[in-house]
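In terms of the working numbering, the sequence shown opens at residue 352 and continues consecutively. Ideal Cβ positions, reconstructed from N, Cα and C, are used throughout, including at glycine. In what follows, a structure is listed as structure tokens, so that the remarks can point back to it.
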Amino acid sequence: MRPAFLLLIAAAVLPAVDVIGDKPPAYLKASFQAGWRMKPLAEVLAELGRQIERPVVRSNAVAEIEGKRLVVLVDDHKGPLGDCLALLERSQDLRLTAEPLRLRVETWEDFRNRQRRPVDLNLRDYGIFLAPKNFPGPALGLPVNGGGGGGFSIFGGGAGGAGDSGRDPAGDEVVKWMDGIAGSTGAEMRGHGNVHLLATVEEENALRAALAERLARQTRRSSWQAVFGTLASGDALPSGVVPQAAAIALAARLDRRQVLSVQALNNQRVSADNRREQTQVTDLDIVGGGYDPRTETVRTGRAMDIIPRLGFGFTQIGYHLAWVDPIDGAFATFTDPGHPTPPTAVTRVEKAGDKETTTTSTTPGQSGSGSRQTIALPAEWNWTPRGESWLPGGSSLVLVAEHPAGRAVIILMETP
352 MRPAFLLLIA
362 AAVLPAVDVI
372 GDKPPAYLKA
382 SFQAGWRMKP
392 LAEVLAELGR
402 QIERPVVRSN
412 AVAEIEGKRL
422 VVLVDDHKGP
432 LGDCLALLER
442 SQDLRLTAEP
452 LRLRVETWED
462 FRNRQRRPVD
472 LNLRDYGIFL
482 APKNFPGPAL
492 GLPVNGGGGG
502 GFSIFGGGAG
512 GAGDSGRDPA
522 GDEVVKWMDG
532 IAGSTGAEMR
542 GHGNVHLLAT
552 VEEENALRAA
562 LAERLARQTR
572 RSSWQAVFGT
582 LASGDALPSG
592 VVPQAAAIAL
602 AARLDRRQVL
612 SVQALNNQRV
622 SADNRREQTQ
632 VTDLDIVGGG
642 YDPRTETVRT
652 GRAMDIIPRL
662 GFGFTQIGYH
672 LAWVDPIDGA
682 FATFTDPGHP
692 TPPTAVTRVE
702 KAGDKETTTT
712 STTPGQSGSG
722 SRQTIALPAE
732 WNWTPRGESW
742 LPGGSSLVLV
752 AEHPAGRAVI
762 ILMETP
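Okay, here's the thing in structure tokens:
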């Protein structure tokens, strides 16, 4: 009889069955002793109906299984019927509801569906379909008409996938996400950002809590600095992921220091730059005694482009940095072998019966009008580090490269 005793102990701590009405029906307190050994559920429910002298209403799903389901529940002494019903409910994975005039028996799915009612959610209230957009950033070290090398665009590495903060989620992605929280709710999109579904009060509260948590996570802000500067070649310095205190101390030692600052929402791409635009003559034609120059605008300076993804105790930071400096006194020489245009000669050819005809012919000549000239362009030093790093809380990223002045240093750090 020990197993039966254990069952009674379990029943004592089980939650009571659901009750409809101002107070529990009196039959829940009636004395009852279960003695079901491999008894079909249909016979168990019939016995309960005789005990409470009220009909036992079954859902369709229960009616389909009651003849096949066997019940084993034996009490060693009498106790309140409500305790027995609570144990029967738990052991058979059913949901029982005690009403004044009947006892309702359902599966959990039937009970949930009966409790559901129409719910309309406006996802715009929770930031969905209002994702922060990506905006074009600076192209540093590139001619304005494209081409060249060493610069970057803010869209240069955009994958355009589901995790891209610049793309609104698709409707089926939202529905799938919501079903993962509340189960199959029959959710469907009705208009841009409006979702209609069937949910219980508990399911609606869980959905709204998840949406509010998602909004709070997406609207978390962080501030970042990129510190650019140089150090002499012999100076010792840390690199890689370093404690923020060490990064701050290193920033104070930098020469030619420049600081760029941005603030971003979680998973939002932002950029900043400090640049100078210079128009340079890259080619020169001499035509008809005049000059026909070809020019390009080249940008020099420093720029940052980052995507912070904030976690708990760490940040995943995607970065694309650019640093372009002109090299003092250095020139890159553009040389063209030249394309001489031979001079023309005009002669008169006599033809019988015709007036004098003027014919143009060419003879070898020297380079003159129409030749191309050699251009000397200022040389540039270019560094564009790019990648992703995981930064634990209280740490910064230090990048180092060779520079004409010694070593170039970029420090990427989060600021309060």
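Pairwise C-alpha distance: residue j and residue i
i	j	result
Ser-622	Gln-569	18 Å
Ile-371	Ala-449	6 Å
Cys-435	Gly-418	20 Å
Asp-676	Glu-765	26 Å
Met-529	Gly-386	44 Å
Arg-353	Leu-474	Low confidence applies here, because Arg-353 scores a pLDDT of 33, under 50, leaving its location unreliable and the question unanswered by this model.
Asp-586	Ser-746	22 Å
Arg-420	Lys-380	27 Å
Asp-643	Leu-601	50 Å
Ile-532	Glu-739	31 Å
Pro-375	Pro-451	8 Å
Ile-761	Trp-734	10 Å
Asp-782	Gln-466	The first residue shown for the chain is 352 and the last is 767, placing residue 782 beyond what the model contains.
Val-316	Ala-603	Absent from the structure is residue 316, since the part of the chain shown begins at 352 and ends at 767.
Phe-665	Gln-609	26 Å
Pro-770	Arg-572	The structure shown does not extend to residue 770, since the chain is modelled only from 352 through 767, so no value can be given for it.
Ala-560	Gly-542	22 Å
Val-407	Leu-396	7 Å
Leu-424	Arg-388	6 Å
Arg-453	Gly-534	29 Å
Leu-472	Glu-554	13 Å
Asp-373	Glu-404	20 Å
Asp-523	Leu-616	25 Å
Gln-384	Asn-556	39 Å
Asp-634	Val-525	55 Å
Ala-759	Glu-753	6 Å
Trp-575	Trp-674	17 Å
Thr-648	Gly-544	44 Å
Asn-618	Leu-399	59 Å
Glu-394	Ser-382	19 Å
Leu-392	His-428	21 Å
Glu-415	Tyr-378	27 Å
Ser-584	Pro-594	22 Å
Leu-558	Lys-527	12 Å
Asn-625	Arg-607	13 Å
Glu-440	Val-413	12 Å
Inter-residue CB distance, residue i and residue j (contact presumed, cutoff 8 Å)
i	j	result
Ile-668	Val-613	At roughly 12 Å, the Cβ-Cβ gap does not stay under 8 Å, so Ile-668 and Val-613 are not in contact.
Pro-755	Trp-732	6 Å
Gly-744	Leu-582	Going by Cβ atoms, the distance from Gly-744 to Leu-582 rounds to 27 Å, so no, they are not a contact pair.
Leu-438	Val-368	With a Cβ gap of about 10 Å, Leu-438 and Val-368 do not count as contacting.
Leu-566	Gly-478	4 Å
Thr-551	Arg-455	Not confirmed; about 16 Å, so no contact.
Status (buried if at least 16 other CB within 10 Å, exposed otherwise) for residue i
i	result
Asp-426	buried
Gly-537	exposed
Ala-563	exposed
Arg-620	buried
Gly-659	For clarity, residue 659 is Pro in the given sequence; the question names Gly instead. When all chains shown are included, Pro-659 counts as buried.
Arg-627	exposed
Gly-295	Since the displayed the chain opens at 352 and closes at 767, residue 295 lies outside it and no answer follows.
Asn-411	exposed
Ala-521	exposed
Ala-577	buried
Glu-539	exposed
Arg-300	Outside the shown range of the chain, which is 352 to 767, sits residue 300, and nothing can be said about it.
Beta-carbon spacing of residue i, residue j below 8 Å
i	j	result
Thr-651	Thr-630	no
Arg-445	Glu-460	Here residue 445 is Leu; the residue named in the question, Arg, does not match the sequence. Contact: no.
Gly-580	Leu-605	yes
Tyr-670	Leu-763	yes
Gln-443	Val-422	yes
His-771	Pro-469	With the chain running from 352 to 767 in the structure shown, residue 771 is simply not present.
Val-749	Ala-598	yes
Pro-589	Leu-672	no
Ala-596	Ile-678	no
Within-8 Å CB hit, residue i to chain D
i	result
Trp-741	No chain D appears in this structure, which consists of one protein chain only.
Original post:
Taking only runs of the beta strand (DSSP E) that begin and end inside the stretch 731 to 759, which ones reach a length of at least 3 residues, in chain order?
Top reply: 737 to 743 and 746 to 754
Subject >> 4-residue-minimum alpha helix (DSSP H) runs that sit fully inside the stretch 508 to 584, ordered along the chain >> reply: 522 to 533 and 552 to 569
**OP:** Taking only runs that begin and end inside the stretch 613 to 669, name each unbroken beta strand (DSSP E) of 3 or more residues, in chain order.
**Re:** 621 to 638 and 641 to 661
**OP:** Identify every run of the beta strand (DSSP E) within the stretch 366 to 402, keeping only runs that are complete inside it and at least 3 residues long; order them along the chain.
**Re:** 386 to 391
**OP:** For the stretch 406 to 470, list the alpha helix (DSSP H) runs that are entirely contained and at least 4 residues long, ordered along the chain.
**Re:** 411 to 416, 432 to 442 and 459 to 466
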